[in-house]
Amino acid sequence: MIKIDSVSKTFGSGATGLTDISLVVERGEFVFLVGPTGSGKTTLFRLLIRDMLPTKGLIHVGDFDLGKLPNKKIPHLRKKVGVVFQDLKLLMDRTIFENTMLPLEVAGVDNLGAKKRVEELLSQINIETHAHKFPVQLSGGELQRAAIARALVLSPDILLADEPTGNLDPETSKGIMKLLQEINEKGTTVVMATHNVEIVNTLKKRVVTLEKGKLIRDEKKGKYGAS
Ligand SMILES: Nc1ncnc2c1ncn2[C@@H]1O[C@H](COP(=O)(O)OP(=O)(O)OP(=O)(O)O)[C@@H](O)[C@H]1O
Ligand SMILES: [Mg+2]
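Here the sequence shown is numbered in the working numbering, starting from 281 and rising by one per residue.
Structure below.
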């Protein structure tokens, strides 16, 4: 499903994002990606959606060989991989409904079908009461839910969630985790980058640890920082 083969990423400035990472994530897995700030988690996500190319190594996502993927086929990849960005990237001048609808419009889904899909999803994610509000009118947890809805609207095979519980209180974080687990149980592969020690240690999922751009640990039922 995701196969990362000896991947390194160096930025133009000379900064190192990742060094010689190899990792396989099978279909249907739930993986926590942990590591200190600057260890390369977001860099890895950006590579997986072909936001940029690695300096070295191969990346396969589903049937796509990202090094060989022509730019015009990137939208095909993005349909399969939903992302909840660390900074959410919701459009401030559009309502939650409109933000969630946007990927469907870009994909050319007919208006009526798209509206029905957005209504269904927003109620499944439990933010339907906020559908016609703008992002500034929502709380942090509500915004995270909105970003998750937008990432899921095209029913991706893979969901990448970058710090989806950042700055949320423990109860709201629990709600987000329940949602991500339900999505995973329905078959979506989930990779979640997080600093949240308690969540990682409670859920006993696979934990992949990065440190200074290197993959230093990969444990089946792992803990944060344990070995
Ligand atoms: N566009 C860029 N240009 C130059 N350096 C970058 C760029 N993006 C990331 N880096 C560097 O690459 C390293 C990894 O950054 P990355 O954002 O992947 O870390 P992270 O693990 O997501 O951190 P955090 O937990 O704070 O989100 C850092 O040293 C960062 O400064
Ligand atoms: Mg990051």
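Just so it is clear, CB atoms sit at the ideal spot from N, CA and C, and this is done for glycine as well. Computed from a predicted model, the values in this text were never measured in an experiment.
Alpha carbon to alpha carbon, how far is residue i from residue j?
{"i": "residue 287", "j": "residue 405", "result": "35 Å"}
{"i": "residue 451", "j": "residue 458", "result": "11 Å"}
{"i": "residue 310", "j": "residue 456", "result": "14 Å"}
{"i": "residue 420", "j": "residue 446", "result": "9 Å"}
{"i": "residue 398", "j": "residue 377", "result": "7 Å"}
{"i": "residue 323", "j": "residue 496", "result": "16 Å"}
{"i": "residue 478", "j": "residue 282", "result": "26 Å"}
{"i": "residue 412", "j": "residue 453", "result": "23 Å"}
{"i": "residue 300", "j": "residue 417", "result": "43 Å"}
{"i": "residue 335", "j": "residue 359", "result": "24 Å"}
{"i": "residue 500", "j": "residue 305", "result": "12 Å"}
If you follow the alpha helix (DSSP H) that residue i is in, where does it begin and where does it stop?
{"i": "residue 427", "result": "420 to 432"}
{"i": "residue 357", "result": "354 to 360"}
{"i": "residue 327", "result": "321 to 328"}
Going by beta carbon distance, what residues of the same chain come within less than 7 Å of residue i, once the five residues before and after it are set aside?
{"i": "residue 326", "result": "332"}
{"i": "residue 361", "result": "328, 329, 341, 436, 438 and 440"}
Excluding five sequence neighbours on each side, which residues of the same chain lie with their C-beta closer than 6 Å to the C-beta of residue i?
{"i": "residue 481", "result": "503 and 504"}
Whole-angstrom Cβ separation of residue i and residue j, contact assumed at under 8 Å?
{"i": "residue 407", "j": "residue 385", "result": "19 Å between Cβ atoms; not a contact."}
{"i": "residue 401", "j": "residue 432", "result": "6 Å"}
{"i": "residue 293", "j": "residue 492", "result": "Not confirmed; about 16 Å, so no contact."}
{"i": "residue 489", "j": "residue 315", "result": "5 Å"}
{"i": "residue 430", "j": "residue 379", "result": "6 Å"}
Which same chain residues, not among the five before or five after residue i, have their C-beta less than 8 Å away from its C-beta?
{"i": "residue 427", "result": "364, 365, 368, 369, 370 and 444"}
How would you write the range of the beta strand (DSSP E) that residue i sits in, first residue to last?
{"i": "residue 296", "result": "296 to 305"}
{"i": "residue 460", "result": "It is not in any beta strand (DSSP E) - residue 460 instead sits in the alpha helix (DSSP H) that spans 450 to 465."}
Mind listing, in chain order, the continuous alpha helix (DSSP H) runs of no fewer than 4 residues lying wholly within the segment 373 to 424? Entirely contained in the segment 373 to 424, the alpha helix (DSSP H) runs reaching 4 residues are, in chain order, 376 to 386 and 391 to 404.
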